[in-house]
Structure formats: C-alpha cells, structure tokens
Amino acid sequence: MTRLKLKKTAIAGALGVACAVLLAGTATAGQFDGVTLRVGTWGGAWKGDQEAVIVPKFEALGGKIEFVTGSPQANLAKLIAGRGKAPFDIMEILDAQIGDFLKAKFLQPIDLSKIPNKADLEDWQYDTNKVGSWFTQETICYNQDKFRELGLARPTTYSDLANAKLKGRLSIPDITSGGGLANFGAFAYAGGGDEKNVQPGLKLINSLNALKFWSRGGEVVTQFQSGDVYAAVVHAGWCVRARKAGANVTTVHPVINDKYVGVHKHGWLGIMKSSKQIEAAHWYINQFIDEDFQFAFATRSGVVPVNKKAIARLAEDPVLKEMLQLAKADIDRQLRLDYTKADIGAWTDQWNRSVTKQ
Amino acid sequence: MSTVAQQLDKSVRDTGPPKRIGLPWGKIVHYLYCSLSYIFLLSPMIVVIGASFHGGEFYTAIKFPPDEPSLRWYTKIPQTQYEALGLSFLLAGSAALGACIIGIPAALGIVRGIIPGKALISSIFRAPLQIPSIVTGIAFLQLFYIVGDATGLYLQGTFAGLYIGHVFVATPYVVGTVTAVLQRFDTRLEEAALSLGASRMSAFFRVTLPVIMPGVYAGGLYAFMVSFGDVPISIFLTSPGFVTYPVELFYGMENDFDPSILASASLVIFFCLLALLGMQKLVGLDALLRSGSR
Amino acid sequence: MQARWEYLLLPSFVFVVLLIVSSQYVFLKGSFYEDLGLGQIGDTFDWVNYNKFFSDTFYLSTLWITVKVSALATLFTMLLGFPVAYLIARMRSQWAMILLAGVVVSTFVTIVIKVFGLIIIFSADGLLNKFLMGIGIVDTPYTIIGNQTGVVVGLMHFTLGFGVLLLYSVIQTIPRSLEDAAQIHGASRWRMHLRVLLPLSLPGVTVGALMIFNMSMGAFTSAALLGGGRVFTLPVLIQRTMMMEIKYSMAGTLAAVLLIAVLLINLLSVFLLRRLRAARLVIA
Numbered sequence: 003m004t005r006l007k008l009k010k011t012a013i014a015g016a017l018g019v020a021c022a023v024l025l026a027g028t029a030t031a032g033q034f035d036g037v038t039l040r041v042g043t044w045g046g047a048w049k050g051d052q053e054a055v056i057v058p059k060f061e062a063l064g065g066k067i068e069f070v071t072g073s074p075q076a077n078l079a080k081l082i083a084g085r086g087k088a089p090f091d092i093m094e095i096l097d098a099q100i101g102d103f104l105k106a107k108f109l110q111p112i113d114l115s116k117i118p119n120k121a122d123l124e125d126w127q128y129d130t131n132k133v134g135s136w137f138t139q140e141t142i143c144y145n146q147d148k149f150r151e152l153g154l155a156r157p158t159t160y161s162d163l164a165n166a167k168l169k170g171r172l173s174i175p176d177i178t179s180g181g182g183l184a185n186f187g188a189f190a191y192a193g194g195g196d197e198k199n200v201q202p203g204l205k206l207i208n209s210l211n212a213l214k215f216w217s218r219g220g221e222v223v224t225q226f227q228s229g230d231v232y233a234a235v236v237h238a239g240w241c242v243r244a245r246k247a248g249a250n251v252t253t254v255h256p257v258i259n260d261k262y263v264g265v266h267k268h269g270w271l272g273i274m275k276s277s278k279q280i281e282a283a284h285w286y287i288n289q290f291i292d293e294d295f296q297f298a299f300a301t302r303s304g305v306v307p308v309n310k311k312a313i314a315r316l317a318e319d320p321v322l323k324e325m326l327q328l329a330k331a332d333i334d335r336q337l338r339l340d341y342t343k344a345d346i347g348a349w350t351d352q353w354n355r356s357v358t359k360q
Numbered sequence: 297m298s299t300v301a302q303q304l305d306k307s308v309r310d311t312g313p314p315k316r317i318g319l320p321w322g323k324i325v326h327y328l329y330c331s332l333s334y335i336f337l338l339s340p341m342i343v344v345i346g347a348s349f350h351g352g353e354f355y356t357a358i359k360f361p362p363d364e365p366s367l368r369w370y371t372k373i374p375q376t377q378y379e380a381l382g383l384s385f386l387l388a389g390s391a392a393l394g395a396c397i398i399g400i401p402a403a404l405g406i407v408r409g410i411i412p413g414k415a416l417i418s419s420i421f422r423a424p425l426q427i428p429s430i431v432t433g434i435a436f437l438q439l440f441y442i443v444g445d446a447t448g449l450y451l452q453g454t455f456a457g458l459y460i461g462h463v464f465v466a467t468p469y470v471v472g473t474v475t476a477v478l479q480r481f482d483t484r485l486e487e488a489a490l491s492l493g494a495s496r497m498s499a500f501f502r503v504t505l506p507v508i509m510p511g512v513y514a515g516g517l518y519a520f521m522v523s524f525g526d527v528p529i530s531i532f533l534t535s536p537g538f539v540t541y542p543v544e545l546f547y548g549m550e551n552d553f554d555p556s557i558l559a560s561a562s563l564v565i566f567f568c569l570l571a572l573l574g575m576q577k578l579v580g581l582d583a584l585l586r587s588g589s590r
Numbered sequence: 054m055q056a057r058w059e060y061l062l063l064p065s066f067v068f069v070v071l072l073i074v075s076s077q078y079v080f081l082k083g084s085f086y087e088d089l090g091l092g093q094i095g096d097t098f099d100w101v102n103y104n105k106f107f108s109d110t111f112y113l114s115t116l117w118i119t120v121k122v123s124a125l126a127t128l129f130t131m132l133l134g135f136p137v138a139y140l141i142a143r144m145r146s147q148w149a150m151i152l153l154a155g156v157v158v159s160t161f162v163t164i165v166i167k168v169f170g171l172i173i174i175f176s177a178d179g180l181l182n183k184f185l186m187g188i189g190i191v192d193t194p195y196t197i198i199g200n201q202t203g204v205v206v207g208l209m210h211f212t213l214g215f216g217v218l219l220l221y222s223v224i225q226t227i228p229r230s231l232e233d234a235a236q237i238h239g240a241s242r243w244r245m246h247l248r249v250l251l252p253l254s255l256p257g258v259t260v261g262a263l264m265i266f267n268m269s270m271g272a273f274t275s276a277a278l279l280g281g282g283r284v285f286t287l288p289v290l291i292q293r294t295m296m297m298e299i300k301y302s303m304a305g306t307l308a309a310v311l312l313i314a315v316l317l318i319n320l321l322s323v324f325l326l327r328r329l330r331a332a333r334l335v336i337a
C-alpha cells in the first residue's frame, strides 16, 4: 500500500463526507467549527497516515487537528508531570499501560453510542474506558534460506531457537521496545511462568544463544537484509516488510504451552479526563476504527486492524495471508497477557538485572 | 586587524621552520591517523546518505549500497518535517545566542576573577551536561506546571519554555570553550595594550575579544548543534503542532520506518555543508575561527 | 586599577544555579521519600532510596560501568581529536575549512539515524568484518552493538565533534612561531609536541576532557542505542526507571548520585592535576 492509495482513500472519504454533509443539510455542516482536537501519537509515517485520511474529513467539518508527537510512555510522563492535565485530548495507549491510566484516573468515560463503528470490533475490544485501535501479532520471523543452509527445521517454539548454529544471529525485542513487554510475557508463559512470575521467561531468554536485543523494528529489518540475523522475535508487520524489502523470511506463530499459538499486543485509544473536546474525540476514535482507514493504515504500517471487515480484506494480499493469522479462531488462540496482574516495575527490574549479567 | 599579538610573533614567524631532508614520516603518520578519525566519524553518514538514494517502494530498512538509485524519497518528505526543521533552526540559533550571552561573561569571570573555589564553580557550570536530558526535560515540565499553578503563567508547550530548556543545556559548551581559550590567553598582551595607552574597554575589544572569538564560535556552533539535535528535553516541552525536527525523527522511527526520514536527514547534511562553504566564500569562516594571535 | 572580573560572573552564575536548583528540586526532594508509583511520593523523609542504591551491587556496578565507559570515551576522543584539531589549526589552505565542515556536519546527524549506518558497517557479513576476517585479525565476526565497546563508540560519535572544535580553538591560540622556534633549535617533531605544544594546550585540554567526560556521563541516546539493551549506564537506567517502572523517587536518587559523583570526579581530577603540576610531573 502506498501513500498515493492512502491519499486516494482520503479524497474519496472527504468527498463522501462532503456529500453526506450536503444531504444532511445544515444540521451537521460545520459540526466542528472552531474546534481544535489534539491527538497524542507517534511521528513519521504513522502520523502521516492519520494526516492523510482522517484530518481532511475533520477539516471538512470545520475543525482542526493538531498532533503531539511522542511514544505512549513519553505521553504518560507528560500526564504525570501535569497531574492529569494533558496537552492532548486523545492518546494512543499500549495495553500494558491501561492499569496505570485507570489507577491514576487519567481517562474519562467513552460514550459508546457515539462510536457506531464499534460494531465491526470484537466485544472485548471496547469498553467505556478505551477503544482498541490496532493490534500486532508477535511472531518468530526467520530467514528460510539460511535455515535450509544450516539444516535447521522450521521453528515452532521459542526453545527451538536455542541452537548453537544461531549463535549471535538471533534478535529479540528489548523490554523498552514496542513489543518488549508482550514478548517478555510470552517468554514467561513459554518457560512455565505467568504475569506474576517472569523468572522462567528470563531463564528461557538466557538459554537462547548470544542473542541481540533490538529497540526499533527498522533495526531488525536492516539486520535481516544485511544478513546479520537469521531469526528474530518481532511482530509480523516487520517480517512482512523484510520480505517486501527482499529477504526470504516468513513468520511462525510460536506455540506456547500447547495452549496458545501466537502472541497478541494491543493498541488502544482513550479520551483524557482534562479534555474539553469530547464530541470531537469520539468522532476521531470512530474514524480511526473505520474500515477504510484501518485497512489502509494497517497494510502500510504492518499492524493488524481491529476492524473485522478490514481484517477480511487483508487476506487479499498473499504475503499478509501467509504471515498473519486472520481467522477469528486463530486470533482467539493467541496469548493475550493480563497486565492487571503484572507489576511492570518488577518486570523491568528483573529484566535489567538478568540481561546485564552475561 | 593588526593586534599586539601579531606584532609580537611576527619576528619569529618570518624565519619559518627549518627545511628537512628525506620523507616527512611524522607528517605521513599524522595524516593517516587523521584519516582514521574521519573514517570513524563519517562512515555511518555515508551509509545513511547512500541509502537515502535507494528508490525501492517497499523500502523499510537501510539498504546500502542502494539498489535502484533514485530521488524518490526526497520527493516524499512530508511538509511537517520541513516545518519541524524550520522550528529547530530558529530554536537552535536563538539558544546558541542565549548560551553566548550567559556563557562568555561566565568564562571571563571564572578565568580572571579573584574568587575561591574556581574548580567548584566551573563544575557547577558543567553540571547540565551530566544531568541526563530526560531528567532535565521532565524536571522543567514539572517546574513549569508548578510555576503555572502559582502564577497562572504556563510555560510548557511555549517557545519560551522550550527555549529555557535548550539554553540550559547549551550554555556549558560556550563556557567550556571560552574558558579553554582564555586560559591560554597571555594577559601581558592586554597589559601591553594598556601601557600603550589603550583604555580598558578598547584593550578588551581590540586584544582580548579577537583572541577568544574562536572559542566563542566553536562553543556557539556546538551549542547550536546540541540544541538542534536534542530529543529528550524537547519531547516534554513541545506542544501540538509545534514539534522540533529530531523529536519528529525519533518517534517516526520508533514504531514505524519512514524512508523519507533518511532523505531529509541527508538534506540537512547537504544544507549545512552548503551553508558552511557559503559562509567561507562570503566572509572567510576560517578567518573568523582563527584568532588574532597568528 | 584592577578590573573586577568576578562581577561579570555573578549574573550568569545566579541564573544557572537558579535553573539547576529550581528544576531539580522536585526530583531531589522526591529522592528522599518513599516511591508510591506514578510520580506520587510518601510523606516521611527517609534515606530508603539511597540505602537501596548503596547496598545493591546492581546499582553500584552500573555507576562503575558509567564511569568506565565515559573515561574510555574521553581518552579516545582526545586521542582521535587532538591530532585532527592540530592538523586543521595548522593548515593554511581551504582544506582546513572542508575538514572542519566534515566534523561539524557529522555532528548534525542524530545517532538515531547513525546507528543504522553503524549496524551496516559492523554487521556480521558486513565489509568491516569481511576485511578483518580476511586478513586474519579476528576469526568470528566482530560486533559493537550490545557491548561496552559499542557504548564507547556511540559516546565518541557524540563527543568527537565537540572535542575537535574545542581543541582546534585552543591550539590555534598557540602561536606557530613557538613551534617553529623549538624546531629551529633542533627539537624533533615529537619532542616539540611533547615539550611545547602539550604543556601550552594543557589547560584547554583539561577543560575539554572534563567536559567530554561529563557529556558522556549524562549521555542517553548513544549509550542506549549502541548498548543494545545489554549495557546499562546510569542515564539508561534512569530512563528505564522513569519510563518503564515509573518510579520517580528512585530515578531522582540515581540522578542525584550521578550528579554528585561527576562533581566529585571533576574536583578530584582538578586537584590531582594541580598536585602533579606542583610536583613538576606535568610541565605546564
């Protein structure tokens, strides 16, 4: 998916809105006149997609959208410093942070009746605090050519990667990276632990030979391309990118405890308690989970849409079909951590002490 | 400009170094050694610039050497990156200026003042260097909220707030370079000028300032670069629609990969090279960077 | 009439101290209270965080690693930077400007981008490793991402540009005539460097080395990205404590320890240098 297509979608969307506005008459015209909505999200192309599709629609309704660039962690730090006073109305929240947001009471209730597109989501993907916006499927991405060369079979579990032939050629996410916590939790489960006991995960990680830790997905794709790594734990989107960039890689959704196949990491949107633009915030969330935006955004950025209709459309792409689990039954078998049971501080502390030991 | 220093040195300089016989081994080793430094410094940049010309569509990682050379990604640099660049240049320029205004008198005072505990004082001026920037960023954000709650004047997300944070981290560089140059300065030159009837003011402006100017430029230039490259402080002090270039870059690379970032980073390099060489052609930057003692 | 230069110092000093104290106040105060998470602190003063720091070898070894990599980065930056600065300072041609521009421009590219270049250069199948293995220096691919060498390299990329600029401005205040005079009197190039150039530039070199050391001690991005999540310096740990653990009291403690440790190291090195100079072990 290219920017051009996104732009076309945007124009089509804007035209659609314009028609709708004309049809509805004056009731909705200029619905957001003079409204400025502030959105906390990542920068670069991630933000660019929203600028290309959602912003023109909002501007057609008379409003203006400003983006606050930063990671969810940085945006949470801003909230803490302001004791809940946020420099944005909506922000992207990672599933591991939800507990902190609820504890600190930074969110205001969402009126789900104002988010009609929720009908396309699974029931658990929305409640009055948050609405799911995208998810990733954390996988083992491996170089098929190299594995054949080394005489290695297709891996199915994390411990399959503990092979001397992969010494120094394996990359897993650092705890501070986007998928860090989800994968750390998955390692813990695979090692026989759970959210409350992550030591088995660290033991498993340490048993994998001389691995590298990545902090940005782009590093992994670069390392696949340069031949530096043969396998990496990374979300499927990066593996798709590595394939499209020329490396013969594919994904494996790891089998964990014979109970789960694959790992799930979720992104959410929430409305800040200090926000005054409640109507516009609801509108934005609804647009974010709209089928067309979800499809365009997900195919370019490599995450998976939450919108079921958009997920179905992903199957049209042979590479995506191969690397992602798109059937509902498969998605339901993926490991979804319950972060309310997790003490992220303790996780981080144990991780830090473990990885520096070697 | 003819300074006392120049006059003092002229007599020795005219004789020049002695001529040597045979290969200048010292020189050759020196040049080779310096090229090593440059390889170290420039090689990652060459990879980045090279990769920015790779034109593949599904281009999600660094590709070096580039496969299908094109300017494709240069045409895709989004408007927001240019806006961020503009803000960053403005901010860095004024931060460097602020750092000079605070830093030069401080350096003069440290080197020439008669005060106890000079080592401690200069360590305090260096302190912003070792406070991790993320602490500085959050600390200023907290401070601005506290001040705002007390006075109603909120500085977070304003240019002024961002500016204070940047001047804070940029000042030590000016203090450092000017101190370093000043310590080399022979006060007898100034005394000579005074004994020749110059006023203290004119002795300062005619003798001292030209000598320390290279330190000012070096410190100012670096203050500019530190401000221009800062992420951890700016991320907490920027506001909606008001984002500096490195922040845009940093969070553009975190969860996604945007090849146009490589292109814009390369553009910055080209622009800076052009600016530096242009300044050289126009005003002779190397002359500016050289003191009057030569 | 004696000029009172110290008055010139006063406004700047007050301004800087005010900014340091006012901004660090919340963190420093927090470090003396129990951490309740999410930026909240307890209400009784105690030393619990400091006790934790000084009784835990993990924290202590982090401090030690920070000092070690910073000292190494300072040393190598000076070793690489001084000859370059000297070369540029003594050049009379247009080349001086171009070489200087190379240093400046390299500093303009953030390490976030440079790290991709470094990955390519140091990749296991990359040019450098093929070369090193080809001539037999190493037998397994050499990597710098994820070890202390990598952190030192990252810190050098952060400080070398500044080091060259500073040393350049110092060296070019030393009249070339002094070097020429030494050579006229028969001193070799090395002797001249050792007996004339080094002592004359020593005060500037000291200031530069201290600054580069302090910059390295506080550097986050280069240390984090090149450390590959395996090497922790204090700033890296502070970042994790704040952003992942959200424990501001402990982060404040770490920052305070870092601040004080660097201050002490600065004072100690200045003191030692003075003693050496007094003992005439260093000619200056």
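Chains as they are written, first to last, in the working numbering: chain A, 3 to 360; chain B, 297 to 590; chain C, 54 to 337. By construction, the Cβ of each residue, glycine as well, lies at the ideal position given by its N, Cα and C atoms.
Member of the options whose CA lies at the smallest distance from the CA of residue i
| i | options | result |
| --- | --- | --- |
| B/L383 | B/L319, B/E544 and B/L404 | B/E544 |
| A/K267 | A/G239, A/R245 and A/K323 | A/G239 |
| C/F107 | C/F273, C/I188 and C/V310 | C/V310 |
| C/I94 | C/Y301, C/V323, C/A308 and C/I313 | C/Y301 |
| A/C143 | A/Y128, A/G193, A/V265 and A/T71 | A/V265 |
| C/M297 | A/A76, A/Q52, A/F60 and A/G32 | A/A76 |
Status (buried if at least 16 other CB within 10 Å, exposed otherwise) for residue i
| i | result |
| --- | --- |
| A/Y232 | buried |
| C/E232 | buried |
| B/Y327 | exposed |
| B/Y378 | exposed |
| A/E324 | exposed |
| B/Y342 | Note that residue 342 of chain B is Ile in the sequence shown, not Tyr. Classification for B/I342: exposed. |
| B/R480 | buried |
| C/Y86 | buried |
| C/Y60 | exposed |
| C/W117 | exposed |
| B/I410 | exposed |
| A/Q127 | buried |
Whole-angstrom distance between residue j and residue i, CA atom to CA atom
| i | j | result |
| --- | --- | --- |
| C/L317 | A/A247 | 51 Å |
| B/C396 | C/S76 | 21 Å |
| A/T342 | A/A106 | 14 Å |
| C/M268 | C/M131 | 14 Å |
| A/V57 | A/I67 | 6 Å |
| B/K323 | B/C330 | 10 Å |
| A/T159 | A/P256 | 5 Å |
Cβ-Cβ distance between residue i and residue j below 9 Å
| i | j | result |
| --- | --- | --- |
| C/F211 | B/V344 | no |
| A/R40 | A/I92 | yes |
| A/V236 | A/P175 | yes |
| C/M25 | B/L337 | The requested residue 25 of chain C is not part of the displayed model; chain C covers only 54 to 337. |
| A/A344 | A/L183 | yes |
| C/I313 | A/S228 | no |
| C/I286 | C/S123 | According to the sequence shown, residue 286 of chain C is Thr rather than Ile. Yes, Cβ-Cβ distance for C/T286 and C/S123 is below 9 Å. |
| A/G45 | A/G72 | yes |
| C/V223 | B/V477 | yes |
| C/V69 | B/A456 | no |
| B/V471 | B/G515 | yes |
| C/L278 | C/T115 | no |
| A/S356 | A/W136 | no |
At a Cβ cut of 8 Å, what residues of the stretch 155–166 of chain A count as close to chain D, listed as they run along the chain? Here the protein chains are A, B and C, and chain D is not one of them.
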